[in-house]
Structure formats: C-alpha cells, structure tokens
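Note sheet for the following structure.
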Amino acid sequence: MSEPAATERGTIGSPADAAAAAASPTGSPGAAGEAARRVRRHDPVPLAAAIGITVAGGLILAAMNGSYLGLTVTTGVGYAVVTVGMVLQLGYAKQLAFSQSVFMGVGAYGVGVLETKYGFNSLESLLAVIALAAVASLLIGAVVTRAPGLALALATLLLPLFIYQLATYSSYLGSFSGIDGVLPFWSGPDYESTLVRTGLISVLLLGLAAGLVLRVMRSGVGLQLMAMAEDERLGESLGVSLRQRRLEVFVVGSVLAAVGGAVLASAQGLVTPDVLSESAQITLLLMLFVAGRKSVAGAIIGAIVIEYLTTSTSFISTNLGIIEGIVLLVVLLVEPDGVAGAVDRLLGRRTDRWAASLRSWSAGRFRAGGGGNGARNAA
Amino acid sequence: MSSGAAALEVENVSVSYGKFVAVESVTFSVGAGECVAVIGPNGHGKSSMVTAVAGLVRRGGTVRVFGQTLPAGSSRAAVQAGLVLVPERRHLYPALTTRDNIMLGSYSRTRRLRARQAWDDVAGVIDMFPELARLLDQKAGTLSGGQQQMVALARAMAAQPKILLLDEPCLGLAEAVARRVYDWLGSMTATDMTILLVEENPAHAVLVADRVVRMYKGLVERPEGSAA
Amino acid sequence: MPGTQPDDVPAGGPGTSGPATGTVPVVLACYDVTKSYGGVVAVDSVSLEVPRRGLFGLCGFNGAGKSTLFNLLAGSVRADSGSVRIDGRDATGWSAMRRARSGVARTWQTVRLAHGRTAVDNVAAACLRDPGQWMLGSLWKPQAAPARERAWAALESLGVGDLGGRLVDGMTLEAQRLTELARALVSEPTVLLADEPASGLSAAQRTVLAEALTAISKDRAVVVVEHDLDMLTSISEHMWAMVEGRLAYSGDVETFRSSPVYAGLRGIERA
Amino acid sequence: MSQFLNLLAAGLTSGAIYGIFGACLAVWFRVCNVLNLAVGDFAMLGAIGTARLVQTDHLPFAAGIVVDLAAIGLIAWIFDRLVLHFALDRGAGAHGIVSVFFYTFGLSLILEGAAKAIFGTDVYAAPAIWSGPALAIADFHVQRAGVLVIALAIVSGLALWAYLRFTVSGRAASACGESVLGSRIVGIDSGLFRRRIFIVTAVLAALFGIVESPLTGFTYLSGPTISLIGVVAAGFAAFRRPGRAVVAGLAIGVAEAMLGGYVSTTYNDVLLYAALFGIIILRPEVLGLSAEPA
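Residue numbers (the working numbering), protein chains in the order written: chain A, 1435 to 1813; chain B, 1316 to 1543; chain C, 5 to 275; chain D, 430 to 723.
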C-alpha cells in the first residue's frame, strides 16, 4: 500500500518543505523522522520536574531563612499552585473559566474555618479542603461545563462578583476582616523556622501540582485535550468525551486553586476576602499570561516574580494597574506565548509562527467567515 | 480577443510571509479585454500572487491598472481602479442577506446613505444571475456552495469592475455548477472585461482563457501564448 | 432536474437503498432520516445501508445534503426523525463520541488538525486503547507512548511515515489530508466517512489519494463524498446520489453513468 | 404602588446604564469580534475627568465636557493605533479567543491605574446637567439625571439599531465582523470602521458617565463592575444586537431594583448576579450564541 505514495513523495513535500526545514531546527525531515520514531516508553519529565521544583524551591527557601523575602516567595508559591492548574485549564485545554479566585477562596477560607472553628490540624484541614474543593467543583462543574465556551466565560466572570459579596456579608467568614489565626503547615520553635518549614511543604505541594499537570498534559488524555481544544467537534469524532474531559479539567483547575489558597492562608496566617475578589482573578490571569499560558515553568516563575514585584517595590505596587496593563499588552502583541515562548524561540525550539500563515495561504483556507467569530485576515 | 493596451501590468511582484517567500518575482501583463489563466500546482504562490495584486497582502514590486500605479497593500485603491477580486472560498458575509452581500459590492463607489437606495443602484446585477432572484432575503450563510459562488460573482459585478480577478472559482463545486460558472465566465470574455483567472485545473482554464501563465515555486515558469 | 423521481431508485432492500448486500453484513445504516434547518429540508427521509467492506461514492450538488447526511451518520447532528443503526444496534440516540468509539470515523471538507503539534501527535489523539480513561488514571497509565507507536505505523501505511515528526502547520495540503486520513484509520474503524477528501488537490495528488482510499477499503467500508465524478466513479463499487435532500440514485457505477442524475451533475443535456 | 413605581424608576436608571454599555459593546463586537471590557472605564474617565476639569480647573461645564470627551476620543484612537491595529490588521500577537478578551482587559487595567495615579481614590461626580430637585408626581419621585439617562439610552440605542439596520455604512460595519477579507475585497476599510466605532462608543460611554455621575458618583474602580454587567447585557443580545442589549440592560436594572426593594437590600446584588449566573448556565441558548453551525 505504501508503494504508490512512495513514488509521489516529491509532490507531498513541495514548497512548504523549504519553510518547514528553514524554520525547524531539527534539520532534514528524513533524519528527524527517524529520530522521532523512537517513541520513548517512559516519560521522565513530570517526575523530574516535581523533584526538581521541590528540591530547588526548598533550598532557596531554606537559604532565605524566614526573611520577609521568604514570606513573599512562599506566597508566590501559593499563587503558582493556582497558575499551574490554570496552565492545564486555560492554556492547554482552552477552557475559558475565570473561577480560580473563587476556588482559591474555598481553599483559604476552608482551612481558616476548619482550623479556627473546628480544631482541625493543618494536615487534616488541607485534606478536607481538597475533598471539599473536589466535591464543590464536581457539583458546580457538572452544571457549568455544559455551557458553550463564551457562556462559560460569562458565567464564571460573574461568579467572583457575588461570592466576594457573600463573603464580606457573612459574619461566619469574618466579614471584611476575614479570619485570623490560620495555622502554618508545619510549625517550628520560632517564627523564622515556622516560615521555612511551611515554605518547604508549600514547595512540595507545588512540585506535586506541576508533576500532575505535566503528567496529564503529556499523557494520552493530554492528546485528547489537545484535539478538543483545537476543535470540539473534531474531538468528539475521535471518541473524546467532551463532557467528561471538560469536567475533569474544571475539577483539576479548581482543586489546585484551592490548594494554592490553602498555601496562601497558611503562609500568611490569615484569610481576607481579597483572595475572592476580581482583582485576585486579574492578578492570576496576568501571572499566567505574562510568563506563558502554556508553560508550567513559565507559570511558576511568573507567579513568584509578579508576587515579588507587587509586594516589594513601592514604585510598582503604587502604579500596579498601569504596569500590569502595559506588560500584558506588550506580551500579547510581541510574544503571545509569554516569556516562556520567547525563551523557546531564543533556544530555537519553536518554529517560526509565520509557518502557520503560510500554511493557511497555500492551503487556501483562511477562515471562511462561518459565524464571524475570530474571522480575521491571515496575513 | 484583442490584446491592445495592457489593462493590468504586474512587475516583479513578490510576497513573503516571514522568512518564507511565497512569490519570488512575478512579471506579466494582461491586455485589455483579454482573459489570462494562471495555472500550476497548489502551494506554488498563485493565490498569494493574486491576493497581492488585489492589495490584500503586503507585496513588493509594481502593479499598474490601465497605466496607473496602485499603492501596495490598499485593496480600496485597487477596487476604485476597477480591479475586483473574487476570492477563493468566496468570503461572503454569512449573517447578512444575499441582497446585502451583493449591495456591498458597490461599497467603494456608492454615495448612498440608505441601504435600500444603494440596492436599487445595483439591482440590475441580478439579471446576470437569475437563480439568485428568489434568494435575496435569505441569509448568505444558509445558501448552498453553488449559490454562494454566484453571490460572490454578483458581489464582484456590483463593483462594476474593469478587471476581474478570480481565485479558484470552482473549488468544491459540483461539476454542473462549475460548468455554470464557466459558462458565465465565457459570456464575460465576450465583453470587454479583462479577466485574470487562477485555476489549478488546466482543463478548466483552457475553456475560457486566451492565454495561460504557469506558476511554479513562486515564479512564473514559462509565459506561453496558446490560443484557446 | 429532469427524470429524478424517487421511482428511479433501485432499492437494495425494502425501503432502503444499498448495494445488493447478499451475505455481507451491514455495518452502518440509516432509515428515513430527515433533518431540516429553519424550514429548509437538508436531508429528506433518506435510507441507505453500508456493507462491511468496499468503497462507496456519494455525490450530488452543493447543498444537496451530503455533508448533513454525514453529520447525521457520525452523530454530530441529530436527526429530526428516522433511525441510525451501527452494527445492527440502534444508534439513533448515540452521541458522536459513542459512534466514533463504535467504529465510525470521519474526515471533514476543511482540514481540522491541532496547530503547533506534530502529525504523529495529531494522529495519536485518535487511538487511545481506553479513550474514556479518567484523568486520574492517566497519571499511572499515560497511554501516550503506545498511541504514538500506532500513529507512526498508520502514517507509514499511507506512505508518509517521514511526516510524523513534523509540525502540521508547515505541511502542504496533501500532507495534511493524508495526516487526517491516518488519524481516521488509526482507530481501526469499521466505516470511514470521507467528506471531499480530494478537495483542493491536484490531479496527481488525487491519484495518490484514490489509491490510498481503494487500498483501505479492502478491509472496511469507505464512503466518499466527492465532486470529481471521474475519480469517484473509477474507484467506487456502488454509487449514491443526492438531489435536494433526497436519495435520487442508488446502484452500480455503470448504471449510474447512464442515469439522468449523472447527466444532471455533469451538466450534460439529455437527448 | 408608589414603591413599585419608584423602584421601577431607579431600576430603569441603572438599567439604562447597563443597557447602553451593552449596546456599545455589542456594536463594536459586531465590527471586530472583540469585547470592549474597558467601556466602564471610559465612563469612569468621563465622569471623573469632567468633575476634575470643572471643579478643580474651573473650566465652564460645557467646555469641561468637550475637553474631556475629546481626550477620551484621543485615548481610544491611540489605543487602536498602537495595539488593535497591529493585533487585528497586521496579524501580530495573540489570536482567537485571547484577542476577544485580553487586549481591552489590558486597556482597562491601564485606565484604572492612570485614573488612580492622576485623580486618586476619591469619589467624584460631575455637575448635574439638568439640576433641580427630583421630579415628583404624587408619591412617585424620579431624579432628573435619571430621566436624562433613560432618555439618552433609548435615543442612542435606537440610533445604533437604526444605523445597523438601514444604512450602507452599518451593513459595511457588520460585514467587517463577518469576514475581514470579504470586506476588504469590496473596498471596506475594516480597520477604519473598527477605529471609528471604538471611538464613538468610548465617547458615548463617557457621556453616560458624565450624565449619570450626579446620581452615584464614580471612583477609579467603578469601571469593571459596570463593564461586566454591560458584557452580560450584550451577552443576552448575542453580543451583536445593540437594540436588544439596551432592553436586556433595562431588564437587569429593574430586576436589581426590585430585588433590593422587595427581597433584601443587603443581598440584592448577590441575588442578581446569582440569577444571571443561573440563567447563563442553565439556559445558554437565551444568549443566542450556540447557533447550529451551517
């Protein structure tokens, strides 16, 4: 069966070959094909990432020795757990849900309430919060993920608005002042050591989160997510259960957001309604987009660096909005895959994005304006 | 067909997307009233060349219409000079009615404010495509592929072109519909319309073309004068 | 359209249209399916049966309802009335996902590939051994490596094994179409519904595609929608033709060539 | 009864604001498939800018309005030239669903940050255009500014609807959103339409901010919430129909007021948002987004 096609190989490659070969650092197609054909059975990346993050993060926090900077980094790690979940949810699966700040609040308020009102210890409360977030996101997700893309976005944009108000009205949740006295993950003899130990646990949680997300993205399920993110009807026709995958992605994103919230509360020792607010959601989105919405490493670095910049430098924290806005626009215009995309490009791992427009033109399929959504000129 | 003064002159036109050169340097001309077909395999720059001539993508080189040089990258100037493109895959406005789709063809020269009046100016176009008369109030997106192609042609005619550029007008059409398109094209060659036709299938092209230009790897391979 | 009364339809069975199946079992069938969009009837009580093996052509004018019929068969659109059977089971209420898992694969008129990914990843997405695996399960049984191996094999069987590691974005249209074909075949479907697979391809490329389609129809059913009647009639064993939402012809290729529907599609006036 | 009427008047006033923002969003989305999440911030700048020009810089009220609106038009123009032009005309940067939300989201952040830096965190209100006590008919009271807002909303909603419905220019604008290439081949400059309508809707939103501000006052943070309700109102009009967006906005406003009057003054917003959330999730078809693909 391969015989007839083999003789026609010349017509298959034709002119885009030149572009692909020029753009692709892997060199000649034949050699690249042979090399890539050796499918690796075991994927070491997720485990290596998990261990690497835990060890490197632990060493860094230990070196900071409970200083104010250490607190900032630990808080950043909390945000990073959330943004790592967002890489899977928004970046990879393209699920337009803006509910992460709400689940961050579930995590933070969850540990706060359980520890201050019901005497849970920090491990119990963390596990309880994970279970709570899983159940809550299953229930909410079962309803929410049925809605088509833009409706989901619209609905989840409203969610932070009224959950925030509910929290501020609720005396049970401490109204505007929130809940004080959240336990650290692992207390030590003094403040500094407590902070370092809590930081170590936080970094471990981040490592686990990153490993989990990488493992999912690089698995067969990840391939299914890739197909359905490109085109839901395509995914369906390949036997992907859209409902199941949407729900799973929503739950993973939400549970990681809750874990991140628990880290924040434990590091700071308190919860305020701010974690639930729109501005928290905005900060999360910035952390994700600036560093690269498809890159786990980018999301972690983005979260920690932005958290550091917003808390440590007075110039930036006073002019936060303008700077965030400008940075976001520059990133979107110049390098949509964020800093991680720029790094990839510098290292030559990314092909020229013009290859995409070339393909559109040569295949003559610039979007036929079906419905007009996203109808744009390919040039 | 007489090929007197050149209606369309294309000189050293090049198109690139980033590092990739889609059209290297193309030079040819089309005489007034002539019908020239550009043939060649897919992905060798035919569409890029013709969309560049129509001012839709950035290009290098010169395009002259009846001696007047067109500014690069301005489709509006091209339309006003009488150069109108019927693009591959038609690019209609699916949520607008057939009537509006055709009426907007006259956009660059209409001085009317109200859509109804602007329509009255171009209603005559429908005579050329009688099958569209009963579809005027239907949304263009709900039409069949063949009907959509007719709307695309009618929209181009509403612009009162002097030079018509057609990019793969029969792609994805049933054979009888393709025949209908080519019958219409044949009737247009009998007028003084200048036509530049991009066609992947040489058998179709020779039905109407006075002359064939072949593009290969972004270059015009060998301009040949073959009578149809 | 002259002479296309439903009476012209040679029926393969009572109330159905399909090749004289004999002992070959039917894998995919629809009975009296109807679908209308806002008053316009796209598919009008069409019945047909697809046997286990062979290549079957479906032709008709643009807007005759061919793509809608494919959507109804593959489950991406629900019929207003009528029933669909897959392997003898009633599949009328099945989702597109369930039909795909039951062996109905399809391609579309326009290329649908995940951008920025390699051909092999695109193909591998279609061939997980356990497509309904829970996301948690993918943590200890990731499935990706065996799926990629099958994807390489599928690409090689179509003679485009060297494309596997390349990004789909830079490929030619033909390479993209062959990647899509590999993706449709890699799940070992019992039926392949190919919607205008040759659209936009040159004559030489069509030949390659036609040979590939013929080869894969040796051990499964392949239904091809195509406007190129020369190509379609040369590779098909059986032809269906749709006119204005109805099945206007069902029969062998020779009879089709002399039928009024064929003349109409070719734009030939009948004597 | 009079309570009902008073609530209705209050609801229509805030609803008019939501509705007109929804209309501004819808008409622009129709042209370029981008949601203007900064529409509330333009209103905020209109109100605060005018208040500042009149109260601190002692400009005459009319001059203050003109200067302020001109400045806002200029901001919109600059944003379009610097960002949207490259993103949408030149094909640079992020594509697809990202461009629907995030460019204007960035603008919104910048405008809020700038307003905070320039005007501080105080509450501002522009002077009333039509000053005087509330109009009263028996027990029924309605603020003069409210009457102006409702009237202006209805007039501009009708104007936008008629523009799209009857004029060649309106059809051309719709064509841009349907197919950029399709509009360019007939000589429609899609970038020009996007820019013009962006500026017009920004200035319109600012005008509404000025007219409405005597009622509620504005701070630098007032923008996002109104934008969001505007997005929801536009959402109920499939993001494309300004006339329907005004109606949806009025309905949301009335619902909010009624919830506040008859159910709970504390939880009225919570209930409103929850109800909108429920409608969107449970009956997404009311949005008119999920049309069957052709």
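Ideal placement from N, C-alpha and C gives every residue a C-beta, glycine not left out. Keep in mind the model is a prediction, meaning the values are calculated, not measured.
Practice item. Note down the Cα distance separating Arg-1426 (chain B) from Ser-1459 (chain B), rounded to an integer number of angstroms. Key: Taking the second sequence and counting its residues from 1, one reaches residue 1426 (chain B) at position 111. Taking the second sequence and counting its residues from 1, one reaches residue 1459 (chain B) at position 144. In this structure, the CA atom of Arg-1426 (chain B) is about 32 Å from the CA atom of Ser-1459 (chain B).
Exercise for review: Pull out every residue of the segment 170-183 of chain C whose Cβ sits closer than 7 Å to any Cβ of chain B, in chain order.
Suggested key: Legend: CB atoms of the segment 170-183 of chain C lying less than 7 Å from CB atoms of chain B belong to residues Thr-176 and Leu-177.
Review point. Chain B beta carbons: is any one of them nearer than 8 Å to that of Phe-515 (chain D)?
Key: Position 86 of the fourth sequence holds residue 515 (chain D). Look at Phe-515 (chain D): its C-beta is not under 8 Å from any C-beta on chain B.
Practice item. Please name the residues in the segment 676-707 of chain D whose beta-carbon is closer than 9 Å to at least one beta-carbon of chain A, in chain order. Key: Cβ contacts with chain A come from Thr-695, Tyr-696, Asp-698, Val-699, Leu-700, Leu-701, Tyr-702, Ala-703, Leu-705, Phe-706 and Gly-707.
Check your understanding: Any contact of the segment 103-118 of chain C with the segment 70-85 of chain C, i.e. 3+ C-beta pairs under 8 Å?
Key -> Touching, yes, given that three or more Cβ pairs across the two stretches are closer than 8 Å.
Practice item. Please classify Arg-1526 (chain B): does DSSP put it in a helix, a strand, or coil? Key: By one-based count along the second sequence, residue 1526 (chain B) stands at place 211. Shown here, Arg-1526 (chain B) sits in a strand according to DSSP, grouped into three states.
Practice item. Could you work out which residues of chain B lie near Ser-262 (chain C), taking near to mean beta carbons separated by less than 8 Å? Key: As a working note, residue 262 (chain C) is residue 258 in the third sequence. Residues of chain B passing the Cβ test: none, with the nearest at roughly 16 Å.
Point to revise | Limits of the beta strand (DSSP E) - the one that Met-243 (chain C) falls within | key: Taking the first residue of the third sequence as position 1, residue 243 (chain C) is located at position 239. Taken as a continuous stretch (DSSP letters only), the beta strand (DSSP E) holding Met-243 (chain C) covers 242-247.
Point to revise | Local conformation of Thr-1785 (chain A) per DSSP, three classes | key: Reading the first sequence from its first residue, position 351 is the one you call residue 1785 (chain A). Summary for Thr-1785 (chain A): the model assigns pLDDT 46, below 50, so the residue's position carries little reliability, and this model does not support an answer.
Check your understanding: Where does Thr-1460 (chain A) sit, in a helix, a strand or coil, going by DSSP?
Key -> Sequence index remark: in the first sequence, residue 1460 (chain A) carries index 26 (1-based). Any reading at Thr-1460 (chain A) needs caution, since the residue's pLDDT is 36, under 50, leaving its predicted position unreliable; the model's value is listed next. In the structure shown, Thr-1460 (chain A) sits in coil (DSSP, three-state: anything other than H, G, I, E or B).
Review point. Using the C-alpha atoms, what's the distance from Tyr-1422 (chain B) back to Val-1466 (chain B)?
Key: Locating residue 1466 (chain B) in the second sequence gives position 151, counting from the first residue. Locating residue 1422 (chain B) in the second sequence gives position 107, counting from the first residue. Counting only the Cα atoms, Tyr-1422 (chain B) lies some 15 Å from Val-1466 (chain B).
Point to revise | Within chain B, partners of Glu-200 (chain C) - CB distance below 8 Å | key: Within the third sequence, the letter at position 196 stands for residue 200 (chain C). Here the neighbours are Gly-1487.
Exercise for review: Report the three-state DSSP secondary structure of Arg-600 (chain D) (helix, strand or coil).
Suggested key: In the fourth sequence, residue 600 (chain D) corresponds to position 171, counting from 1. Of the three classes helix, strand and coil, the one that applies to Arg-600 (chain D) here is helix, per DSSP.
Practice item. Flag this pair as yes or no: are the beta carbons of Leu-1617 (chain A) and Glu-1549 (chain A) separated by less than 8 Å? Key: Taking the first residue of the first sequence as 1, we reach residue 1617 (chain A) at position 183. Taking the first residue of the first sequence as 1, we reach residue 1549 (chain A) at position 115. Taking 8 Å as the Cβ cut-off, Leu-1617 (chain A) and Glu-1549 (chain A) qualify as a contacting pair.
Check your understanding: Among all the DSSP beta bridges, which residues are the ones paired with Cys-1485 (chain B)?
Key -> Residue numbering aside, residue 1485 (chain B) sits at position 170 when the second sequence is read from its first letter. According to DSSP, Cys-1485 (chain B) bridges with nothing at all.
**Study point:** Short CB-CB distance (under 8 Å) between Arg-1529 (chain B) and chain D
**Key:** Counted from its first residue, the second sequence places residue 1529 (chain B) at position 214. Arg-1529 (chain B) is outside the set of residues whose beta carbon lies under 8 Å from a beta carbon in chain D.
Exercise for review: Determine, using beta-carbon pairs with one atom in the segment 1529-1541 of chain A and one in the segment 1678-1692 of chain A, whether at least three such pairs fall under 8 Å.
Suggested key: With the cut-off at 8 Å, the segment 1529-1541 of chain A and the segment 1678-1692 of chain A touch.
Review point. Does Thr-1509 (chain B) have its Cβ less than 8 Å from a Cβ in chain D?
Key: Taking the first residue of the second sequence as 1, we reach residue 1509 (chain B) at position 194. Chain D contact via Cβ: absent.
Review point. Which residues mark the beginning and the end of the alpha helix (DSSP H) in which Ala-445 (chain D) is found?
Key: The count along the fourth sequence starts at 1 and reaches residue 445 (chain D) at position 16. Ala-445 (chain D) -> alpha helix (DSSP H) spans 431-461.
Check your understanding: What did DSSP end up calling His-570 (chain D) once you bin it into helix, strand or coil?
Key -> Taking the fourth sequence and counting its residues from 1, one reaches residue 570 (chain D) at position 141. Secondary structure of His-570 (chain D) (DSSP, three-state): strand.
Exercise for review: Give me whichever residues DSSP pairs with Tyr-41 (chain C) in a beta bridge.
Suggested key: Residue mapping note: residue 41 (chain C) aligns to position 37 of the third sequence, counting from 1. In DSSP, Tyr-41 (chain C) forms a bridge with C:Val-44.
**Study point:** 7 Å Cβ cut-off: residues of chain C touching Ser-1340 (chain B)
**Key:** Translated into the one-based positions of the second sequence, residue 1340 (chain B) becomes position 25. Correct list: empty, because the minimum Cβ distance to chain C is about 22 Å.
Exercise for review: Measure the beta-carbon distance from Glu-1324 (chain B) to Arg-1414 (chain B) and round it to whole angstroms, keeping in mind my assumption that it falls under 8 Å.
Suggested key: If you number the second sequence from 1, residue 1324 (chain B) lands on position 9. If you number the second sequence from 1, residue 1414 (chain B) lands on position 99. No, Glu-1324 (chain B) and Arg-1414 (chain B) are not in contact; Cβ-Cβ is about 36 Å, not under 8 Å.
Point to revise | Simplified DSSP state of Cys-605 (chain D), which is helix, strand or coil | key: Within the fourth sequence, residue 605 (chain D) is the residue found at index 176, counting from 1. DSSP places Cys-605 (chain D) in helix when its eight states are reduced to three.
Review point. In its own chain, which residues sit with a C-beta less than 8 Å from the C-beta of Ser-99 (chain C), not counting the 5 before and 5 after it?
Key: Numbered from 1 along the third sequence, position 95 holds the residue referred to as residue 99 (chain C). A distance below 8 Å between beta-carbons, with the five flanking residues on each side excluded, links Ser-99 (chain C) to the following residues of its chain, in chain order: Gly-79.
Check your understanding: What are the residues that DSSP puts in a beta bridge with Asp-1771 (chain A)?
Key -> Counting from one through the first sequence, the residue named residue 1771 (chain A) turns up at place 337. None; Asp-1771 (chain A) has no bridge partner.
Exercise for review: Please list the partners that Glu-1758 (chain A) has in chain D, where partner means a Cβ-to-Cβ separation under 7 Å.
Suggested key: Position 324 of the first sequence, counted from the first residue, corresponds to residue 1758 (chain A). Near Glu-1758 (chain A) (Cβ distances below 7 Å), the residues of chain D are Leu-538.
Point to revise | Cα-Cα separation between Ser-1458 (chain A) and Gly-1375 (chain B), rounded to whole angstroms | key: As a position in the first sequence, residue 1458 (chain A) is number 24, starting the count at 1. As a position in the second sequence, residue 1375 (chain B) is number 60, starting the count at 1. Any reading at Ser-1458 (chain A) needs caution, since the residue's pLDDT is 37, under 50, leaving its predicted position unreliable; the model's value is listed next. If you draw a straight line from the Cα of Ser-1458 (chain A) to the Cα of Gly-1375 (chain B), it comes to about 26 Å.
Check your understanding: When the Cβ atoms of the segment 599-612 of chain D are set against those of the segment 450-469 of chain D, are three or more pairs found closer than 8 Å?
Key -> Touching, yes, given that three or more Cβ pairs across the two stretches are closer than 8 Å.
Practice item. Determine, using beta carbons only, whether His-231 (chain C) comes closer than 8 Å to chain A. Key: Along the third sequence, read from residue 1 onward, the residue named residue 231 (chain C) stands at position 227. Not an interface residue.
**Study point:** Spatially closest choice to Leu-140 (chain C) from A:Phe-1619, A:Leu-1720, A:Glu-1682 and A:Leu-1495, by CA coordinates
**Key:** The residue labelled residue 140 (chain C) in the question sits at position 136 within the third sequence. Of the listed residues, the one whose Cα sits closest to Leu-140 (chain C) is A:Glu-1682.
Review point. Are the segment 1437-1453 of chain B and the segment 54-66 of chain C in contact at 8 Å, needing three or more beta carbon pairs?
Key: The segment 1437-1453 of chain B, when compared against the segment 54-66 of chain C, does not touch it at the 8 Å Cβ threshold.
Review point. What does a CB cutoff of less than 7 Å around Leu-1638 (chain A) pick up in its chain, not counting 5 residues either side in sequence?
Key: Here residue 1638 (chain A) is taken as the residue at index 204 of the first sequence, counted from 1. Cβ neighbours of Leu-1638 (chain A) beyond the five flanking positions: Thr-1488.
**Study point:** Cβ neighbours of Glu-1326 (chain B) in the same chain (closer than 6 Å, five flanking residues each side left out)
**Key:** Residue mapping note: residue 1326 (chain B) aligns to position 11 of the second sequence, counting from 1. Result list for Glu-1326 (chain B): Thr-1342, Gly-1376 and Thr-1377, in chain order.
Practice item. Take Thr-1412 (chain B) and list the residues in its own chain whose beta-carbon comes closer than 8 Å to its own, dropping the five residues that flank it on each side. Key: Here the question's residue 1412 (chain B) lines up with position 97 in the second sequence. Result list for Thr-1412 (chain B): Leu-1451, Asp-1452, Gln-1453, Lys-1454 and Ala-1455, in chain order.
Check your understanding: To the nearest angstrom, how far is it from the Cα of Leu-434 (chain D) to the Cα of Ile-579 (chain D)?
Key -> The residue given as residue 434 (chain D) occupies position 5 in the fourth sequence. The residue given as residue 579 (chain D) occupies position 150 in the fourth sequence. Approximately 15 Å between the Cα atoms of the pair.
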